[in-house]
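Asker: Residue numbers (the numbering used here), protein chains in the order written: chain G, 15 to 226; chain W, 1016 to 1262; chain R, 50 to 290; chain B, 8 to 85. Heads up, the beta-carbon is just placed ideally off N, CA and C, and yes, glycines get one too. Predicted model only: the values in this text are computed from it and were never measured. Here you go, one structure.
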Amino acid sequence: MMSEPLLQAVDLECERDERLLFQNLSFSIVPGTLTRVEGPNGSGKTTLLRILAGLSDAWTGQLLWCGRPRAHDRESFYRNSLYLGHRPGIKPLLTPMENLRALMAGRCPVADEVLAQALAGTGLAGYENVPCRNLSAGQQRRVALARLLIADEPLWLLDEVFTAIDAEGVKAIEALLQQRVEEGGAVLVTTHHDLQLPGMQRILLGGGQADE
Amino acid sequence: MWQWFHKLGSPKWFFGIATRLMPWLLIGGLLLLAAGLVWGLAFAPKDYLQGNSYRIIFIHVPSAFLAQSIYISMAVAALVTLVWRMKLADVFVKAIAPVGLVFTFLALFTGAVWGKPTWGTWWVWDARLTSMLILLFLYGGVIALDRAINDEKSAARAVAVLVLVGVVNIPIIKYSVDWWNTLHQPATFKLTEKPTMPMEMWLPLLLSVLGLYLLFGWLTCLRMKTEILVREQRTRWVKELVLAGGK
Amino acid sequence: MSSAGRTLVKPIEQGVGPLSAMLAVFSRDVRVAFRQRQDLLNPLLFFVMVVTLFPLGVSPEVSFLQQSGAGILWVAALLAVLLSLDHLFRHDFDDGTLEQLVLQPQPLFLLILAKTLAHWILTGLPLVLLAPVLGVMVHLDGNSIVILCLTLLIGTPVLSLIGSIGAALTLGLRSAGVLLSLLIIPLYIPVLIFGTGTVAAAGEGASVGGYLALMGAFLVLALTLAPFAAAAALRISMSNS
Amino acid sequence: MAFDSLSAFIVMEGHGPYVWACYAVFAVLLGGMMLWSAKRNHSVIEACQRRYEADAKTSAQPNRNASATFARVEISQD
């Protein structure tokens, strides 16, 4: 047996705009595992991630956080989970430094040197004080990804992490996820990129079943 | 207790009750309303101050009552929607908001027409009429928001928030409009019923109020049934029901 | 506990207090606004232009302007606030920062309160500061101008607070701007009535302390209730997108 | 009866037009709303019936989510 699951979904069902996206979806996310949500376009991968992140309420079933219904302790759930969505959460008018600082401020503020290191780690050294609207789409995503280099949250929910990232960057992120999992973090990703990591758990959507 | 509460929330259960209740509501409502209106129009004595124009009261007051009580009941249902996520509650809000709008309009229209022979003008910025007009805006906003959101559940919950915000505001609006009215035109002649209304005026009014409430009950059941059909059309009980004759 | 036996990742028990989170939200909004300073001017210009329309469109006579000046200024300020509300959450919604805001381990209503406060400082307060100039232009006397500014000072935050509910409800909808006005204008009526009524009462020589206190009560009520409603509305809108 | 004759009832001492206009609008709106609601209920039931019948026919057809080929569509050039 693995350790206790962080997040458990029991009989999750979601219907959007008169369309049943998935039903009877049950799975557990355990510390130290990487889970990949798979499925064709429109199968509800992003919706599932938004539901798991606590953004969407359009679901029925049960979601347990550390064994208890998530609704009972949302604040603890939010504190211990990190969600990166399609939209990077980066203000175009602010610099990478300011953006990162603002994103961390409500969770755990860190010193500017650490932020600078994180930005350098994503290849943005020298861009710290350039307004983000002057950066490319890939660079803007890297600002958001810089959070992964300092984040302590045990659960990461990453929607299409590899979008707009170059081949070298993809490799580095794969290594980062691998390392995170080895440290005991739980990572859930949706991606069309062919991600293969040892011990990867998969959730298949579109067919409607989960696969451990 | 909770079981009863959940049963009340079950669309199927409601559908059955409503179907049985509706004929009684319709017949009772039509009879009472007809009795009240005929009595009020033809038999009640004329008012010594306003003459025969006061006979508008027999539709104005019931409409105004309904306009207000529909909003209040929507607010109660909105609270239930947000707190207990009961399906029937948001069906209720969606079904009766347009009805509330129509009755508010009727109260406004009859009030304005009543004003012509009484004040010599179609529209007076009287406190009551103005509050009614604002209520009309509130209904309009609720319906517009409901139409603007595609997803049914989100629409229901957004509307519930708006209705609750509105209901907190209604007393404030009423109070401020009253105050504004005394500020701008000292009260001269009011549309209100005189405190000592004779029995012959009071009884037909009571009858038509009751009748209109029953008809509103019928309308609510009918419109809620329609809404339930639309929402639950993929469940088995609706399918069996519709294929069995759709009653 | 862990099969690996060397779990490094631990659950986070403690976080930042809500006050510093609010401060961060507030300062970010102010910073973003000052990066695009010309946008800050728009509601002010709108305010001035709407006020200008009345002498041109109705009558430049001193008696008319004196009598309706307070009302004109109030209506114009109300419309200016209404116009700026569409942006309260829109940009954050588009670039995804709103998602991150909703997911912060903080009471959402406090974060929204911080955003609304920033909105008021950036739009409502400049309107209040500009009002005396326009008051002189519509021939209001000194006492009326002081009272008018006081009512605006108490009233415009109420407009921002109530408006935040509408902005949250209409977030992400197609015709959000018009819909927002439809939803919010009826709720603005009491503030407008007491705002202009107080100035009128002052003009008649009545004591206005009670009226101002009443407007203060509106402000307190809006401060306590509106952020909750806006937070609920925001969660619903986020869920829908 | 509060009136002496039918014509007096209709004229109502000059207030007739106002009173009758109100009652007419009331009747039209209330009746219209009731009829319209009943009609809509009926049409929804019929739409459901049609849908169930259509579902019964098409249920044998293959899955519409056939895999994408991204093959170019031939346009006849006459």
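Considering only heavy atoms of the ligand COA, does any lie closer than 7 Å to the CB of H136 (chain R)?
Answerer: Among the ligands in the structure shown, none appear at all, so the ligand COA cannot be discussed.
Asker: Output the distance between the C-alpha atoms of H207 (chain G) and W43 (chain B), rounded to the nearest integer angstrom.
Answerer: Here residue 207 (chain G) is taken as the residue at index 193 of the first sequence, counted from 1. Here residue 43 (chain B) is taken as the residue at index 36 of the fourth sequence, counted from 1. One C-alpha to the other measures close to 54 Å.
Asker: With a cut-off of 8 Å, do at least 3 Cβ pairs link the stretch 111-118 of chain R to the stretch 174-193 of chain R?
Answerer: A contact exists between the stretch 111-118 of chain R and the stretch 174-193 of chain R.
Asker: Grab me the residues of L108 (chain G)'s own chain with a C-beta within less than 8 Å of its C-beta, minus the 5 sequence neighbours each way, in chain order.
Answerer: Working through the first sequence from its first residue, we reach residue 108 (chain G) at position 94. A116, P145 and C146, listed in sequence order.
Asker: Would you grab the beta carbon distance between A1122 (chain W) and A1171 (chain W) for me? Rounded to a whole angstrom, and I think it's under 8 Å.
Answerer: Along the second sequence, one-based indexing puts residue 1122 (chain W) at 107. Along the second sequence, one-based indexing puts residue 1171 (chain W) at 156. Rounded, the Cβ-Cβ distance is 26 Å, inconsistent with contact.
Asker: Between S52 (chain R) and the rest of its own chain, which residues show a CB-CB distance below 6 Å, the 5 nearest in sequence each way excluded?
Answerer: Counted from its first residue, the third sequence places residue 52 (chain R) at position 3. Note on S52 (chain R): pLDDT 42, under 50, position unreliable in the model; the coordinate value appears next. For S52 (chain R), where only same-chain residues beyond five positions count, there are no Cβ hits under 6 Å.
Asker: From E32 (chain G) to S1169 (chain W), what does the alpha carbon distance come to, in whole angstroms?
Answerer: Position 18 of the first sequence, counted from the first residue, corresponds to residue 32 (chain G). Position 154 of the second sequence, counted from the first residue, corresponds to residue 1169 (chain W). Each residue's alpha carbon lies about 13 Å from the other.
Asker: Please name the residue in G:P102, G:V128 and G:L69 whose C-alpha comes closest to that of E174 (chain G).
Answerer: Here residue 174 (chain G) corresponds to residue number 160 of the first sequence, with the count starting at 1. Answer by Cα proximity: G:P102.
Asker: If you measure beta-carbon to beta-carbon, which residues of the stretch 118-132 of chain G are closer than 7 Å to chain R?
Answerer: So the close ones are A119, G120, R121, C122 and P123.
Asker: Quick one: what does DSSP say N1196 (chain W) is sitting in, helix, strand or coil?
Answerer: Counting from one through the second sequence, the residue named residue 1196 (chain W) turns up at place 181. Residue state, collapsed to three classes: helix.
Asker: Helix, strand or coil for T74 (chain G) per DSSP?
Answerer: The residue you call residue 74 (chain G) lines up with position 60 of the first sequence. Strand.
Asker: On the premise that L93 (chain R) lies in contact with L208 (chain R), defined as a C-beta separation below 8 Å, what is that separation, rounded to the nearest angstrom?
Answerer: Your numbering for residue 208 (chain R) matches position 159 in the third sequence. Your numbering for residue 93 (chain R) matches position 44 in the third sequence. Going by Cβ atoms, the distance from L208 (chain R) to L93 (chain R) rounds to 15 Å, so no, they are not a contact pair.
Asker: If you draw a straight line from the C-alpha of M19 (chain B) to the C-alpha of A31 (chain B), how long is it?
Answerer: In the fourth sequence, residue 19 (chain B) corresponds to position 12, counting from 1. In the fourth sequence, residue 31 (chain B) corresponds to position 24, counting from 1. C-alpha separation (whole angstroms): 15 Å.
Asker: In whole angstroms, give me the CA-to-CA distance for G137 (chain G) and G46 (chain G).
Answerer: Here residue 137 (chain G) is taken as the residue at index 123 of the first sequence, counted from 1. Here residue 46 (chain G) is taken as the residue at index 32 of the first sequence, counted from 1. Using only the alpha carbons, I get a separation of about 27 Å.
Asker: Residues bridged to C80 (chain G) by DSSP?
Answerer: Here residue 80 (chain G) is taken as the residue at index 66 of the first sequence, counted from 1. DSSP, once it has assigned bridges, lists no residue as partnering C80 (chain G).
Asker: Does the Cβ of A280 (chain R) have 16 or more other Cβ atoms within 10 Å, making it buried, or fewer, making it exposed?
Answerer: Walking along the third sequence from the start, residue 280 (chain R) turns up at place 231. Buried.
Asker: Please report whether the beta-carbon of D208 (chain G) lies at a distance below 8 Å from any beta-carbon of chain R.
Answerer: By one-based count along the first sequence, residue 208 (chain G) stands at place 194. No, D208 (chain G) lies away from the interface with chain R (no Cβ there is under 8 Å from its Cβ).
Asker: In three-state terms, what does DSSP make of G1135 (chain W)?
Answerer: In the second sequence, residue 1135 (chain W) corresponds to position 120, counting from 1. Residue state, collapsed to three classes: coil.
Asker: Does any C-beta atom of chain B lie closer than 8 Å to the C-beta of A1059 (chain W)?
Answerer: Working through the second sequence from its first residue, we reach residue 1059 (chain W) at position 44. At least one chain B Cβ lies under 8 Å of A1059 (chain W).
Asker: Put I1243 (chain W) into one of helix, strand or coil per three-state DSSP.
Answerer: Position 228 of the second sequence, counting from 1, holds the residue named residue 1243 (chain W). Helix, per DSSP.
Asker: Pull up the DSSP beta-bridge partners for F41 (chain G), would you.
Answerer: Within the first sequence, the letter at position 27 stands for residue 41 (chain G). Paired residues: G:A23.
Asker: Classify A1202 (chain W) as buried or exposed, calling it buried when 16 or more other Cβ atoms lie within 10 Å of its own Cβ.
Answerer: Taking the second sequence and counting its residues from 1, the one referred to as residue 1202 (chain W) is at position 187. Its pLDDT being 44, under 50, A1202 (chain W) is placed unreliably by the model, and nothing is read from it.
Asker: For a cutoff of 8 Å on Cβ pairs, would you count Q56 (chain B) as touching chain W?
Answerer: Here residue 56 (chain B) is taken as the residue at index 49 of the fourth sequence, counted from 1. So, interface residue.
Asker: Specify the secondary structure class of L149 (chain G) as computed by DSSP and reduced to three states.
Answerer: Within the first sequence, residue 149 (chain G) is the residue found at index 135, counting from 1. In the structure shown, L149 (chain G) sits in coil (DSSP, three-state: anything other than H, G, I, E or B).
Asker: Using only the alpha-carbon positions, how far apart do A1173 (chain W) and W1099 (chain W) sit?
Answerer: As a first step, residue 1173 (chain W) is located in the second sequence; it is residue number 158 there, counting from the start. As a first step, residue 1099 (chain W) is located in the second sequence; it is residue number 84 there, counting from the start. Answer to the nearest angstrom: the Cα atoms are 15 Å apart.
Asker: Measuring only the C-alpha atoms, how far is A126 (chain R) from F16 (chain B)?
Answerer: Along the third sequence, one-based indexing puts residue 126 (chain R) at 77. Along the fourth sequence, one-based indexing puts residue 16 (chain B) at 9. Using only the alpha carbons, I get a separation of about 53 Å.
Asker: Under 8 Å between the Cβ atoms of I1149 (chain W) and C29 (chain B)?
Answerer: Locating residue 1149 (chain W) in the second sequence gives position 134, where the first residue counts as 1. Locating residue 29 (chain B) in the fourth sequence gives position 22, where the first residue counts as 1. No, Cβ-Cβ distance for I1149 (chain W) and C29 (chain B) is not below 8 Å.
Asker: Beta carbons nearer than 8 Å to chain G: which residues of the stretch 1154-1165 of chain W have them?
Answerer: From the stretch 1154-1165 of chain W, only N1165 have a Cβ closer than 8 Å to chain G.
Asker: Taking only beta carbons into account, state which residues of the stretch 16-38 of chain B come closer than 8 Å to chain W, listed in chain order.
Answerer: Residues F16, M19, E20, G21, H22, G23, Y25, V26, A28, C29, Y30, V32, F33, L36 and L37.
Asker: With burial defined as no fewer than 16 other Cβ atoms inside 10 Å of the residue's Cβ, what is the status of M15 (chain G): buried or exposed?
Answerer: The count along the first sequence starts at 1 and reaches residue 15 (chain G) at position 1. Residue placement at M15 (chain G) is flagged as unreliable, the pLDDT there being 41, under the threshold of 50; the coordinate-derived value follows with that caveat. Exposed, by the Cβ-count rule.
Asker: Could you spell out the range, first to last residue, of the beta strand (DSSP E) harbouring Y97 (chain G)?
Answerer: One-based indexing of the first sequence puts residue 97 (chain G) at position 83. Per DSSP, Y97 (chain G) belongs to the beta strand (DSSP E) from S95 to L98.
Asker: Please report how far the alpha carbon of A167 (chain R) lies from the alpha carbon of N113 (chain G), in whole angstroms.
Answerer: On the third sequence, residue 167 (chain R) is found 118 positions in, with the first residue counted as 1. On the first sequence, residue 113 (chain G) is found 99 positions in, with the first residue counted as 1. Using only the alpha carbons, I get a separation of about 18 Å.
Asker: Which same chain residues, not among the five before or five after P1077 (chain W), have their C-beta less than 7 Å away from its C-beta?
Answerer: By 1-based counting over the second sequence, the position of residue 1077 (chain W) is 62. So the qualifying residues of the chain are S1223, V1224 and L1227.
Asker: Give, in chain order, every residue of the stretch 1168-1186 of chain W whose Cβ lies closer than 8 Å to some Cβ of chain R.
Answerer: Those residues of the stretch 1168-1186 of chain W that come within reach of chain R (Cβ to Cβ, closer than 8 Å) are S1169, R1172, A1173, V1176, L1177, L1179, V1180, G1181, V1183 and N1184.
Asker: Would DSSP call G68 (chain G) helix, strand or coil?
Answerer: Reading the first sequence from its first residue, position 54 is the one you call residue 68 (chain G). Residue state, collapsed to three classes: coil.
Asker: Mind checking D143 (chain R): buried by the 16 CB within 10 Å criterion, or exposed?
Answerer: Numbered from its first residue, the third sequence carries residue 143 (chain R) at position 94. D143 (chain R) is exposed by the Cβ-count criterion.
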